[in-house]
């Protein structure tokens with residue numbers, strides 16, 4: 033069974049607050065559109081036609097940039113950010129989660145605004161921030177919205193906008209990638225991967241979670257670090273006391289059998305994950321996560337749906353710098369306007 037659940041109010045100190053008085057970058061200049069033609073399975077030429085029609089109708093200047101054969105993705109995005117900065121414009125990234133995460137990793141340090149036109153298979157980051165997946169609607173949002181200071185989570189040296197995880201959920205992400213390569217890039221494939229992953233025996237980890245020099249040990253199969261309120265609302269875990277703009281949520285699922293894993297997936301589909309008795313959740317600002325009696329100091333982590341390997345211990349915190357993301361306002365942001 034799991035150890036005692038940490039008390040967020042006693043253990044976790046406040047992280048540096050995002051300065052809401054910081055002036056948002058202007059996005060009245062040209063739109064510099066970087067398109068990743070390899071993302072998802074959409075018709076790129078049709079997307080270009082829709083984007084061009086919307087922007088020409090609004091009389092908004094724009095330009096397209098792509099990736100040269102000798103460039104890495106990071107180099108191509110850096111060039112696009114440089115171009116946007118030079119013309120007092122805004123970078124618009126059209127791609128999947130991998131492309132968008134790479135752009136955010138570069139843009140947040142430069143404090144440049146970023147807009148998104150989703151074109152991947154899952155569009156995890158876009159959907160979790162209320163950005164439409166329809167190309168025309170995404171362009172209309174860019175034309176009528178302002179950049180909003182959006183919290184960025186850090187896990188070691190990796191940024192994440194939505195969530196990061198280890199254990200069974202991270203394994204699901206790896207298996208999903210394998211299914212995509214053999215069966216194609218569709219959400220049906222993702223659902224199939226989730227079911228197949230659930231039919232495996234769940235992972236079992238003994239985690240040491242530390243903050244403010246205080247350590248709590250827990251047994252778990254999955255640990256998810258959530259940085260996005262919309263995602264929490266979708267799964268029904270959005271009413272935790274103390275959850276605010278400077279906190280993230282940690283969800284810890286105890287080691288469970290196949291039936292419970294399938295039940296948890298079902299509850300997630302209906303937005304009722306909070307009803308899972310084996311699930312503990314708590315609010316935090318900064319934590320360190322290590323695994324006892326583990327030979328390898330490298331662990332598989334899922335970061336915003338992308339699989340990667342990070343070294344233990346994992347240090348998780350809220351970034352001091354937000355990402356200026358063109359997106360709809362959250363309910364609490366509308367109330368403060």
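Numbering (my numbering), first residue to last: 33 to 369. C-beta: ideal position from N, C-alpha, C; glycine also. What you are looking at is a predicted structure, and each value in this text was computed from that prediction instead of being measured.
If you draw a straight line from the Cα of residue 350 to the Cα of residue 172, it is about 30 Å long. Contact annotation: residue 322 and residue 342 have beta-carbon atoms that are not nearer than 7 Å. Here residue 170 is buried: its Cβ has 16 or more other Cβ atoms, across all protein chains shown, within 10 Å. By the neighbour-count definition (other C-beta atoms within 10 Å, threshold 16), residue 179 is a buried residue. Looking at the backbone, the Cα of residue 120 and that of residue 61 are separated by about 6 Å.
In this structure, residue 250 and residue 193 do not form a Cβ contact; the two beta carbons are roughly 26 Å apart against a cut-off of 8 Å. Your pair residue 175 and residue 124 does not check out as a contact, with CB atoms roughly 11 Å apart and the cut at 8 Å.
Residue pairing for residue 193: DSSP places it in no beta bridge.
Annotated three-state conformation of residue 143 is coil, per DSSP. Assignment of residue 246 by DSSP, reduced to helix, strand and coil, places it in the strand class. Nearest to residue 347 by alpha-carbon distance, out of 242, 117, 83 and 106, is 242. Straight-line spacing of the CA atoms in residue 280 and residue 260 works out to 8 Å. When DSSP states are grouped into helix, strand and coil, residue 344 belongs to the coil group. The alpha carbon of residue 239 has as its nearest neighbour, out of 320, 143 and 87, the alpha carbon of 320. CA-to-CA, the gap between residue 149 and residue 71 works out to about 12 Å.
The stretch 91-111 and the stretch 135-145 touch, with no fewer than 3 CB-CB distances between them shorter than 8 Å. The alpha-carbon separation between residue 191 and residue 55 amounts to approximately 22 Å. For residue 263, the number of other beta carbons within 10 angstroms of its own is at least 16, and it is reported as buried.
Residue environment for residue 329: exposed (fewer than 16 other C-beta atoms within 10 angstroms of its C-beta). Residue state for residue 69 is assigned as coil, using DSSP reduced to three classes.
The continuous alpha helix (DSSP H) containing residue 114 extends over residues 105-118. In this structure, residue 122 keeps its C-beta atom at 7 Å or more from the C-beta atom of residue 85.
Taking 7 Å as the cut-off, the Cβ atoms of residue 195 and residue 256 count as close. In this structure, DSSP gives residue 329 a state outside helix and strand, which the three-state scheme calls coil.
Distance between residue 90 and residue 79, taken at the CA atoms: about 17 Å. As the crow flies, the alpha-carbon of residue 252 is around 51 Å from that of residue 92.
Secondary structure note for residue 283: its beta strand (DSSP E) is the uninterrupted segment 280-285.
In the DSSP assignment, residue 355 falls within the beta strand (DSSP E) that extends over 355-358.
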